[in-house]
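Enquirer:
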Amino acid sequence: LRLAIGAFRTSPTTCILAEAKEIPLRLKRIELSIRFMTKTLAENPNFITNNNHLNVEYQKHPNTPRPLRIRIQDYLTETNLTLPKTFKRQLHPIAPWETIEIISDYNLNERDKKITTAKTFQALFQKTKEKYSNHLEFYTDGSKTKIRTGYAAINEDKVEASKLPDTYSISSCELYAIMKALQLGTKEIKNIVIYTDSKSSIQALEDQFSTNPIYSSIHHHSSVTIIVQLPTWTNFKK
């Protein structure tokens, strides 16, 4: 860096880094360590807890170089960060030329709300429910605000709702809710119908070349799945 910016040999390291618009080397090391650990935990979620019995030895000998799994705790405390839950990216289990058994139904959302009454929407909704009456029914939703991020997957017998890492986008929250509904539904030998108001999630599932890890997890399920988009402006009654 010194040679690249033409600095004197006696120039302080901090000045050289500032002139080159590089962060301090110690902070760069912390950044790379956290990035590496995030990637490692996707491969091995128990990496940090492995060999915990050796921690006592490092406490007895403070001059002994400590491994990354111990140093990372100090880095996280110093930066006030947490390691987010990550998914391991996998090859898609279904070849792109094969048919994926996820069927999208946009019928309810194709109606113009300006000329369609709430009663009409309610009648259409009941007609849709009758159409898929032999399917196991789920309702999903994802939410992201300034203070919290979460999802919910609900049917008559089960309610699955929880907080998600703040790094999740609203689209990922919606997809995660659909994934949870499938996990709950595939425990029973029935096809599934999922009602959601997220058009972006349905379109993401229609994209066979998506690299989203949640998308791959959804397509691991073998049940025939119908996804119905609900209009966001109407409250339906079951």
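Just so you know, the sequence shown maps onto residues 1 to 238 in UniProt numbering.
Think of the CB as a built atom: it goes at the ideal place given N, C-alpha and C, for glycine as much as any other residue.
Keep in mind that this is a model prediction, so the values were computed, not measured.
Over what stretch of residues does the alpha helix (DSSP H) that includes E22 continue unbroken?
Expert: Working through the sequence shown from its first residue, we reach residue 22 at position 22. Where E22 is concerned, there is no enclosing alpha helix (DSSP H), given that its DSSP letter is neither H nor E.
Enquirer: Hey, could you find the ends of the beta strand (DSSP E) D105 is sitting in?
Expert: Within the sequence shown, numbered from 1, the residue matching residue 105 stands at position 105. D105 -> beta strand (DSSP E) spans 102 to 105.
Enquirer: Give the secondary structure of D141 by DSSP, where H, G and I count as helix, E and B as strand, and everything else as coil.
Expert: Taking the first residue of the sequence shown as position 1, residue 141 is located at position 141. In this structure, D141 counts as strand in the three-state DSSP scheme.
Enquirer: Could you tell me the distance, in whole angstroms, from the CA atom of residue 240 to the CA atom of Q122?
Expert: Given that the chain is displayed from residue 1 to residue 238, the structure contains no residue 240 and the question cannot be resolved.
Enquirer: If you compare alpha carbons, which of T13, I34, S162, I227 is closest to L25?
Expert: The residue you call residue 25 lines up with position 25 of the sequence shown. Of the listed residues, the one whose Cα sits closest to L25 is T13.
Enquirer: Could you tell me if N155 is buried or exposed, where buried requires 16 or more neighbouring beta carbons within 10 angstroms of its beta carbon?
Expert: Here the question's residue 155 lines up with position 155 in the sequence shown. Answer is buried; the Cβ neighbour count reaches 16.
Enquirer: Return the bridge partner residues of residue 242 from the DSSP annotation.
Expert: In the structure as shown, the chain starts at 1 and stops at 238, and residue 242 therefore has no counterpart that could be examined.
Enquirer: Nearest to F87 by CA position, among Y215, I226, T225, is which residue?
Expert: If you number the sequence shown from 1, residue 87 lands on position 87. Checked all of Y215, I226, T225; the closest Cα to F87 is Y215.
Enquirer: Buried or exposed: where does D207 fall if 16 or more other Cβ atoms within 10 Å of its Cβ makes it buried?
Expert: As a first step, residue 207 is located in the sequence shown; it is residue number 207 there, counting from the start. It counts as exposed.
Enquirer: Tell me, please, which residues DSSP counts as bridged to V56.
Expert: Position 56 of the sequence shown holds residue 56. For V56, which the question treats as bridged, DSSP gives no partner whatsoever.
Enquirer: Exposed or buried, what is K146 when buried is set at 16 or more other beta-carbons lying within 10 Å of its beta-carbon?
Expert: On the sequence shown, position 146 is the one that residue 146 refers to. Flag for K146 reads exposed.
Enquirer: Considering only C-alpha positions, which residue in the set V56, A177, R69, D166 is nearest to N46?
Expert: Here residue 46 refers to the residue found at position 46 of the sequence shown. Residue R69 is the option with its Cα nearest to N46.
Enquirer: Rounded to a whole number of angstroms, what is the C-alpha to C-alpha distance between T99 and Q203?
Expert: The count along the sequence shown starts at 1 and reaches residue 99 at position 99. The count along the sequence shown starts at 1 and reaches residue 203 at position 203. Low local confidence applies: a pLDDT of 47 at T99 is under 50, so the model's placement there is unreliable, and no value is given.
Enquirer: Would you kindly work out how many angstroms separate the C-alpha atoms of K127 and A118, rounded to a whole number?
Expert: Mapped onto the sequence shown, residue 127 falls at position 127. Mapped onto the sequence shown, residue 118 falls at position 118. Distance between the alpha carbons of K127 and A118 is about 14 Å.
Enquirer: At the level of alpha carbons, what is the spacing between L136 and T82?
Expert: Mapped onto the sequence shown, residue 136 falls at position 136. Mapped onto the sequence shown, residue 82 falls at position 82. Roughly 37 Å separates the two Cα atoms.
Enquirer: State the CB to CB distance for the pair T186 and I227, rounded to an integer number of angstroms; the pair is presumed to be in contact (CB under 8 Å).
Expert: Position 186 of the sequence shown, counted from the start, is the residue given in the question as residue 186. Position 227 of the sequence shown, counted from the start, is the residue given in the question as residue 227. The Cβ separation is near 15 Å, so there is no contact.
Enquirer: Could you give the distance in angstroms between the alpha-carbon of I5 and the alpha-carbon of R35?
Expert: For the purposes of this step, residue 5 is taken as residue 5 along the sequence shown, with counting starting at 1. For the purposes of this step, residue 35 is taken as residue 35 along the sequence shown, with counting starting at 1. Taking the straight line joining both Cα atoms gives about 28 Å.
Enquirer: Taking the continuous beta strand (DSSP E) assigned at I5, which residues delimit it?
Expert: Counting from 1 along the sequence shown, the entry for residue 5 is found at position 5. First-last for I5: 2 to 5, but that is the alpha helix (DSSP H), not the beta strand (DSSP E).
Enquirer: Roughly how many angstroms separate the alpha carbons of K199 and P84, rounded to a whole number?
Expert: The residue given as residue 199 occupies position 199 in the sequence shown. The residue given as residue 84 occupies position 84 in the sequence shown. K199 and P84: Cα-Cα distance of roughly 26 Å.
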